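Position 13 of the sequence shown, counting from 1, maps to 719 under my numbering, and the rest follow consecutively.
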Amino acid sequence: MDREKAFEELKLRIESQDTILHSLAVEAIMRSLAKHFHEDAETWGITGLVHDIDWERINGNRELHGKMGGDILENLDFDQTIVYAVRAHNPANRIARRRKLDKALYCASPMAELIMACVGSTPEKAIDGMNTERIMQCYADPGFQPGICRDRIASCSELDLSVEELVEISLKALKEIL
């Protein structure tokens, strides 16, 4: 499945522009992480792009998230490594994150949420003025967007990355697309 076709499949199932923007942000982060680890940027990017393909179909039932997404992707003949990573990115599914791809997606999605929330909290609401220090301050403040799972972000240690390194890689990626 090429990127253009994957994006079309996502747009067929997701109407919310916020969810599409989140998907594009996770795609950019995943592509940057793939380059950092000398992995396949196309596969990693597509994984990030489609990771929430089921979001509007689960009707708020987070227990279904990822499972249904994996089923959708499987029916569309996506690569099984992408299907597995999508299923494994929701901790409620209790699926082991075995590959770097799985581990990267697990921390990239909440990192995208954190960066976008930091951007949204500034008066200018622009990513240009955002820096690693500001994002680390938001990350360290439990009162800032408490719904963002910092444990998932911190799991970047499984990739031998510090949170600060993940922030730097992610912020650079998002500055290139926003």
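Backbone N, C-alpha and C fix where the C-beta goes; we use that ideal spot for every residue, glycine too. Since the model is a prediction, treat every value here as computed from it, not as a measurement.
Check: Between the Cα of ASP708 and the Cα atoms of ASN765, LEU739, THR753 and GLN851, which residue gives the shortest distance?; Outcome: THR753
Check: So which of LEU884, TRP750, GLU819 and ALA798 has the shortest CA-CA distance to ILE833?; Outcome: LEU884
Check: Pull up the CB-CB distance for LEU865 and ALA818, whole angstroms please, since I reckon it's below 8 Å.; Outcome: The Cβ separation is near 16 Å, so there is no contact.
Check: Tell me which residues share the same chain as LYS806 and place their Cβ nearer than 7 Å to its Cβ, disregarding the 5 neighbours each side in the sequence.; Outcome: PHE743, GLU745 and LEU865
Check: Looking at the structure shown, is ILE764 part of a helix, part of a strand, or coil, going by DSSP?; Outcome: coil
Check: Under the assumption that ILE764 contacts MET774 (Cβ atoms under 8 Å), give the Cβ distance between them as a whole number of angstroms.; Outcome: 6 Å
Check: Assign THR749 to one of two classes, buried (16 or more other C-beta atoms within 10 Å of its C-beta) or exposed (fewer than that).; Outcome: buried
Check: Which same chain residues end up closer than 8 Å to LEU779 when comparing Cβ atoms and leaving out the 5 residues on each side of it in sequence?; Outcome: VAL756, ILE759, ILE788, VAL789 and VAL792
Check: For ALA802, count neighbouring C-beta atoms within 10 Å of its own C-beta (all shown protein chains included) and say buried if the count is 16 or more, exposed if not.; Outcome: exposed
Check: What whole-angstrom Cβ distance do CYS844 and CYS824 have, given they're in contact under 8 Å?; Outcome: 5 Å
Check: Look up ALA832 in the DSSP assignment and say whether it is helix, strand or coil.; Outcome: coil
Check: With a CB to CB cut of under 8 Å and the five nearest residues on each side skipped, what residues in its chain are close to THR725?; Outcome: ASP758, TRP761 and GLU762
Check: Roughly how many angstroms separate the alpha carbons of ARG719 and ASP847, rounded to a whole number?; Outcome: 34 Å
Check: Using only the alpha-carbon positions, how far apart do PHE713 and GLY751 sit?; Outcome: 11 Å
Check: Out of curiosity, what's the CA-to-CA distance linking LEU730 and LYS878?; Outcome: 14 Å
Check: When the distance is taken between beta carbons, is CYS855 closer than 7 Å to PRO969?; Outcome: Past the boundaries of the shown model lies residue 969; the chain is included only from 707 to 884, so the question cannot be answered.
Check: Check ASN796 in the structure and name its three-state DSSP category.; Outcome: coil
Check: Measuring alpha carbon to alpha carbon, tell me which of GLU715, GLY835, GLY772 and GLU839 ends up nearest ASP808.; Outcome: GLY772
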